[in-house]
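Chains as they are written, first to last, in this note's numbering: chain H, 12 to 221; chain E, 12 to 221; chain B, 12 to 221; chain C, 12 to 221. Beta carbons are placed, not taken as given, at the ideal position from N, Cα and C, and that holds for glycine. Remember, predicted model here, so these are calculated numbers, not experimental data. The structure appears right after this line, and notes come after that.
4 protein chains.
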Amino acid sequence: MTTRPVVASAEVPVSRVARRRDQKVQDILTAAADVLAERGFHGMSLDEIADRLDLTKATLYHYFPSKEALVSACLEVLATRINDRLAEVAADSAGTASERLSRLIATQLVIIVRDQPQMARMFLQPMDWPETYRQRSKALRRQHDMVFRSVVREGIASGEFDVDEQIAMHNLHGAINYVPVWFRSKRKKDIEAMAAAVAANLLRLFRASS
Amino acid sequence: MTTRPVVASAEVPVSRVARRRDQKVQDILTAAADVLAERGFHGMSLDEIADRLDLTKATLYHYFPSKEALVSACLEVLATRINDRLAEVAADSAGTASERLSRLIATQLVIIVRDQPQMARMFLQPMDWPETYRQRSKALRRQHDMVFRSVVREGIASGEFDVDEQIAMHNLHGAINYVPVWFRSKRKKDIEAMAAAVAANLLRLFRASS
Amino acid sequence: MTTRPVVASAEVPVSRVARRRDQKVQDILTAAADVLAERGFHGMSLDEIADRLDLTKATLYHYFPSKEALVSACLEVLATRINDRLAEVAADSAGTASERLSRLIATQLVIIVRDQPQMARMFLQPMDWPETYRQRSKALRRQHDMVFRSVVREGIASGEFDVDEQIAMHNLHGAINYVPVWFRSKRKKDIEAMAAAVAANLLRLFRASS
Amino acid sequence: MTTRPVVASAEVPVSRVARRRDQKVQDILTAAADVLAERGFHGMSLDEIADRLDLTKATLYHYFPSKEALVSACLEVLATRINDRLAEVAADSAGTASERLSRLIATQLVIIVRDQPQMARMFLQPMDWPETYRQRSKALRRQHDMVFRSVVREGIASGEFDVDEQIAMHNLHGAINYVPVWFRSKRKKDIEAMAAAVAANLLRLFRASS
DNA sequence: GATGAATGAGCCTTCATTCAT
DNA sequence: GATGAATGAAGGCTCATTCAT
Numbered sequence: 012m013t014t015r016p017v018v019a020s021a022e023v024p025v026s027r028v029a030r031r032r033d034q035k036v037q038d039i040l041t042a043a044a045d046v047l048a049e050r051g052f053h054g055m056s057l058d059e060i061a062d063r064l065d066l067t068k069a070t071l072y073h074y075f076p077s078k079e080a081l082v083s084a085c086l087e088v089l090a091t092r093i094n095d096r097l098a099e100v101a102a103d104s105a106g107t108a109s110e111r112l113s114r115l116i117a118t119q120l121v122i123i124v125r126d127q128p129q130m131a132r133m134f135l136q137p138m139d140w141p142e143t144y145r146q147r148s149k150a151l152r153r154q155h156d157m158v159f160r161s162v163v164r165e166g167i168a169s170g171e172f173d174v175d176e177q178i179a180m181h182n183l184h185g186a187i188n189y190v191p192v193w194f195r196s197k198r199k200k201d202i203e204a205m206a207a208a209v210a211a212n213l214l215r216l217f218r219a220s221s
Numbered sequence: 012m013t014t015r016p017v018v019a020s021a022e023v024p025v026s027r028v029a030r031r032r033d034q035k036v037q038d039i040l041t042a043a044a045d046v047l048a049e050r051g052f053h054g055m056s057l058d059e060i061a062d063r064l065d066l067t068k069a070t071l072y073h074y075f076p077s078k079e080a081l082v083s084a085c086l087e088v089l090a091t092r093i094n095d096r097l098a099e100v101a102a103d104s105a106g107t108a109s110e111r112l113s114r115l116i117a118t119q120l121v122i123i124v125r126d127q128p129q130m131a132r133m134f135l136q137p138m139d140w141p142e143t144y145r146q147r148s149k150a151l152r153r154q155h156d157m158v159f160r161s162v163v164r165e166g167i168a169s170g171e172f173d174v175d176e177q178i179a180m181h182n183l184h185g186a187i188n189y190v191p192v193w194f195r196s197k198r199k200k201d202i203e204a205m206a207a208a209v210a211a212n213l214l215r216l217f218r219a220s221s
Numbered sequence: 012m013t014t015r016p017v018v019a020s021a022e023v024p025v026s027r028v029a030r031r032r033d034q035k036v037q038d039i040l041t042a043a044a045d046v047l048a049e050r051g052f053h054g055m056s057l058d059e060i061a062d063r064l065d066l067t068k069a070t071l072y073h074y075f076p077s078k079e080a081l082v083s084a085c086l087e088v089l090a091t092r093i094n095d096r097l098a099e100v101a102a103d104s105a106g107t108a109s110e111r112l113s114r115l116i117a118t119q120l121v122i123i124v125r126d127q128p129q130m131a132r133m134f135l136q137p138m139d140w141p142e143t144y145r146q147r148s149k150a151l152r153r154q155h156d157m158v159f160r161s162v163v164r165e166g167i168a169s170g171e172f173d174v175d176e177q178i179a180m181h182n183l184h185g186a187i188n189y190v191p192v193w194f195r196s197k198r199k200k201d202i203e204a205m206a207a208a209v210a211a212n213l214l215r216l217f218r219a220s221s
Numbered sequence: 012m013t014t015r016p017v018v019a020s021a022e023v024p025v026s027r028v029a030r031r032r033d034q035k036v037q038d039i040l041t042a043a044a045d046v047l048a049e050r051g052f053h054g055m056s057l058d059e060i061a062d063r064l065d066l067t068k069a070t071l072y073h074y075f076p077s078k079e080a081l082v083s084a085c086l087e088v089l090a091t092r093i094n095d096r097l098a099e100v101a102a103d104s105a106g107t108a109s110e111r112l113s114r115l116i117a118t119q120l121v122i123i124v125r126d127q128p129q130m131a132r133m134f135l136q137p138m139d140w141p142e143t144y145r146q147r148s149k150a151l152r153r154q155h156d157m158v159f160r161s162v163v164r165e166g167i168a169s170g171e172f173d174v175d176e177q178i179a180m181h182n183l184h185g186a187i188n189y190v191p192v193w194f195r196s197k198r199k200k201d202i203e204a205m206a207a208a209v210a211a212n213l214l215r216l217f218r219a220s221s
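See the structure below:
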């Protein structure tokens with residue numbers, strides 16, 4: 012058996028063979044993430060993933076030893092991707108804490124509404140997932156949370172924010188990740204407008220009253 | 012076939028037979044709601060419901076024509092139950108809009124965290140439910156939303172709140188229904204403290220800045 | 012789920028329903044035992060059993076909760092049947108220990124060669140069975156062994172036999188159960204002749220030399 | 012395709028290439044025999060064999076055209092190995108027929124209990140093997156049987172043994188090959204003691220009564 | 001010569017649903 | 001009104017085998 016899924020490896024694959032394998036793994040993960048997003052964890056079947064890739068279920072097992080492993084890798088990849096992107100935005104230290112937090116919120120919104128709607132699931136639905144994934148997704152959420160939280164802490168330190176950090180963070184995440192449930196448009200302009208409005212409203216959770 | 016699912020009917024059952032049937036329906040719905048809450052939509056099986064009621068699967072089909080119908084009725088009942096309770100709280104017009112909204116939030120939190128954790132699912136997870144339920148649960152959520160929204164509108168009208176109503180409502184629901192994901196304790200005292208803190212924080216979404 | 016396999020129950024089933032169920036269970040066990048005999052444990056598939064009974068695999072699960080349960084019940088039933096029959100023969104205390112042992116051997120031979128060739132498997136092949144069954148079949152073999160052993164002990168006590176009991180018993184069983192491997196005829200006469208010859212030879216393992 | 016399975020060839024491989032190939036074949040057969048012994052025929056998978064050899068399944072197909080061929084070669088090799096060893100013991104014509112037979116039995120026991128437990132399977136379990144192997148293993152068993160039988164015949168000829176040759180041979184093999192089912196120790200001393208006891212008891216099957 | 005990739009067939013198991021009694 | 005029986009469809013997983021590189 013050759014189940015050696017290279018997941019989210021930063022290193023460049025060496026051989027042509029390895030590169031091809033990596034590409035396939037990525038394809039599979041993408042398809043899996045799509046299905047995961049559309050059908051949810053329980054509605055996701057290996058058959059459907061295989062179908063979309065024009066493969067057999069058996070082939071999937073060539074790359075991942077189990078459904079569980081595939082889903083886990085999915086989460087890992089998706090979360091890493093989103094966390095990286097957010098970290099980039101967070102790295103830009105221009106502006107007030109409010110402005111920076113606002114940028115983070117908007118970025119996250121664009122991601123979960125348009126770029127990676129799959130992610131909304133991961134943040135929102137772990138309640139009825141098998142324990143294995145809940146653990147994993149909890150860890151990933153924690154990592155994700157830290158990006159936002161560090162900005163919040165700066166705001167608190169500078170007096171710009173005045174808030175029960177813990178509670179506000181939870182509310183922030185809850186509100187953000189709920190957006191895909193009620194917002195449907197895929198038009199860039201609509202999304203940007205929505206993101207701005209949501210960010211503006213959510214900033215209230217933190218801002219010290221003048 | 013006599014599949015006449017009496018669902019949350021307000022009318023008083025007439026005959027003894029009808030009354031008995033109605034009771035059975037209620038029993039089934041209760042059991043179904045429990046299973047739905049514990050296992051989630053996809054983990055819910057008719058077998059388990061039947062087992063808990065000491066019935067056979069086939070008998071369930073005497074009262075509901077399909078799993079879908081059973082689940083729908085379930086949602087109906089649960090939502091009605093919760094909406095009624097909230098409406099009661101909303102009916103108490105004492106205090107400012109903030110105080111009333113606060114009470115609503117706290118009530119909803121107690122319900123989804125302790126009394127009817129099933130509901131959290133309905134509000135949070137319709138994304139991966141079959142289309143049928145999504146439609147239905149959307150309607151129920153709208154009804155539910157109106158309870159909160161009417162209070163918010165009063166606050167806006169009186170100038171106590173100053174906010175993009177639509178956006179703020181969504182954020183409010185998102186934050187509230189996310190609580191079961193991060194809050195676990197079942198102790199009354201813990202829940203009340205949490206509810207107060209969350210409500211306080213969320214009110215910021217609405218309050219006009221002094 | 013109604014998986015309540017009544018196995019080897021001595022009591023007469025009460026209701027007509029129960030009787031019919033019992034009959035079906037017996038049918039399934041018979042078919043399963045046949046397949047078990049022909050294909051061996053690993054080659055035995057629920058599909059084949061179902062096919063022979065003109066049933067679906069799913070139906071088998073109506074009567075047995077798993078393949079394991081079915082196989083276990085199979086062993087139980089078969090072993091019980093054979094043990095009962097042997098015990099009957101053993102109960103006939105006429106003749107010397109040699110004669111009685113001879114009758115037991117012949118009976119066992121007729122059973123495993125003609126009546127229940129499945130049994131040979133159980134005695135002979137537990138080596139590569141899953142642990143669960145090995146435990147069970149070991150217990151059943153022990154029970155089976157006792158029938159023979161009690162006669163042997165009488166022979167030893169009376170001085171008719173003179174032997175290392177433990178070793179001889181093992182050799183006896185090994186030789187007996189090996190017969191289906193080399194003997195093929197199903198003709199009554201052939202079997203009886205073979206049984207007599209084998210028994211005569213095996214008695215030598217025990218007999219005190221004059 | 013160059014699938015030329017060199018099996019137990021007595022000829023010395025000519026070229027360096029051929030020698031290397033032969034070595035590989037031997038390695039594979041050894042590993043396969045191990046797996047066959049540990050997991051049984053049905054539990055034996057090419058994957059596991061390849062894993063142990065740090066090869067891929069596909070490579071196995073370079074040396075053997077099918078699983079069937081591999082298993083057959085396995086049997087061949089194992090049987091040849093054991094038969095050669097026994098033939099060696101049989102060649103030692105010192106002592107009475109009883110003594111010689113005794114030595115053969117003890118040797119066979121040591122082999123199947125400690126050295127090549129795989130063999131026990133081959134002798135004991137052909138009943139549920141595919142027809143192909145049964146034929147083959149029958150032939151091998153015949154060859155194996157002849158080693159014992161020739162000694163037995165000498166004993167009969169000399170009057171030392173007095174027995175239905177055919178029946179006694181079968182019983183002998185059955186009893187011997189059953190030993191691994193009930194005997195577990197791997198300690199040399201235990202094995203030798205057991206072997207002696209078993210041999211002593213089995214000789215009774217043949218010895219003319221004084 | 002060696003291997004990674006791919007697959008078809010098969011296996012055990014679950015489940016919503018139908019139907020005769 | 002209730003139930004046991006039966007099932008088709010699907011799901012996750014394994015495995016011997018083929019093939020292009």
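Between Ala80 (chain B) and the set B:Arg218, B:Arg92, B:Leu40, the nearest pair of CA atoms involves B:Leu40.
Under the Cβ criterion of 8 Å, Tyr189 (chain B) is counted among the residues facing chain C.
Boundaries of the alpha helix (DSSP H) harbouring Ile39 (chain H): 27–54, taken from the DSSP string. Close to chain B, meaning a Cβ-Cβ distance shorter than 8 Å, are the following residues of the region 38–60 of chain C: Arg50, Gly51, Phe52, His53, Gly54.
DSSP places Val190 (chain E) in the uninterrupted alpha helix (DSSP H) bounded by 176–193. Interface annotation for the region 188–217 of chain H against chain E: Asn188, Tyr189, Val190, Pro191, Val192, Trp193, Phe194, Met205, Ala208, Val209, Ala211, Asn212, Leu213, Arg215, Leu216, Phe217, criterion Cβ-Cβ distance under 9 Å. The C-alpha of Val46 (chain E) is placed about 36 Å away from the C-alpha of Thr70 (chain H).
E:Met130 is the residue among E:Met130, E:Ser169, E:Val121, E:Ala102 whose C-alpha sits nearest the C-alpha of Leu151 (chain E).
Linking Arg164 (chain B) to Ala168 (chain C) through their CA atoms gives a straight-line distance of about 35 Å.
Chain E has a Cβ within less than 8 Å of the Cβ of Gly185 (chain H).
Less than 8 Å separates the beta-carbon of Asn94 (chain E) from that of Gln154 (chain E). Against chain H, the beta carbon of Val174 (chain E) has neighbours under 9 Å at Asn212, Arg215, listed in chain order. Counting only unbroken stretches of 4 or more residues, the alpha helix (DSSP H) elements lying wholly within the region 134–168 of chain E are 142–168, in sequence order.
Counting C-beta atoms within 10 angstroms of its own C-beta, Gly185 (chain B) has 16 or more neighbours from the protein chains shown and is therefore classed as buried. For a Cβ distance threshold of 9 Å, nothing in chain B lies close to Ala150 (chain C): the least Cβ distance comes to about 14 Å. For Thr107 (chain E), no alpha helix (DSSP H) run applies, since DSSP gives it neither H nor E.
For the pair of segments examined, the region 212–220 of chain B was found to touch the region 112–128 of chain B: the number of CB pairs separated by less than 8 Å reaches three. None of the residues of the region 68–91 of chain B has a beta carbon lying less than 7 Å from any beta carbon of chain C.
With its beta carbon less than 8 Å from one in chain C, His181 (chain B) belongs to the interface. The beta carbon of Ala117 (chain H) is closer than 6 Å to those of Ala206, Ala210 in its chain, skipping five residues each way along the sequence. At least one CB of chain E lies nearer than 8 Å to the CB of Ile178 (chain H). Flagged as an interface residue toward chain E: Asp139 (chain H), by a C-beta distance shorter than 8 Å.
Secondary-structure assignment with DSSP links Phe75 (chain H) through no beta bridge to anything. For Arg63 (chain H), the secondary structure class from DSSP, reduced to helix, strand or coil, is helix.
Measuring C-alpha to C-alpha distances from Glu203 (chain E) to each of E:Leu120, E:Asn182, E:Asp62, E:Leu97 identifies E:Leu120 as the nearest. Around the C-beta of Gln177 (chain H), fewer than 16 other C-beta atoms lie within 10 Å, and the residue is accordingly described as exposed. The beta carbon of Asp38 (chain H) lies closer than 8 Å to those of Leu64 in the same chain, with the five residues before and after it left out.
Taking all protein chains in view, the Cβ of Ala219 (chain B) is surrounded by fewer than 16 other Cβ atoms within 10 Å, so the residue is classified as exposed.
The Cβ atoms of Pro76 (chain E) and Pro128 (chain E) lie no closer than 8 Å to each other. Distances from the CA of Lys78 (chain B) to each of B:His53, B:Ala90, B:Arg96, B:Lys35 were compared; the closest alpha carbon is that of B:His53. Arg96 (chain B) places its beta carbon less than 8 Å from that of Ile122 (chain B).
Taking the CA atoms as reference points, Arg132 (chain C) sits about 13 Å from Ala43 (chain C). With respect to Val158 (chain B), Ala105 (chain B) sits apart: the two C-beta atoms are not nearer than 8 Å.
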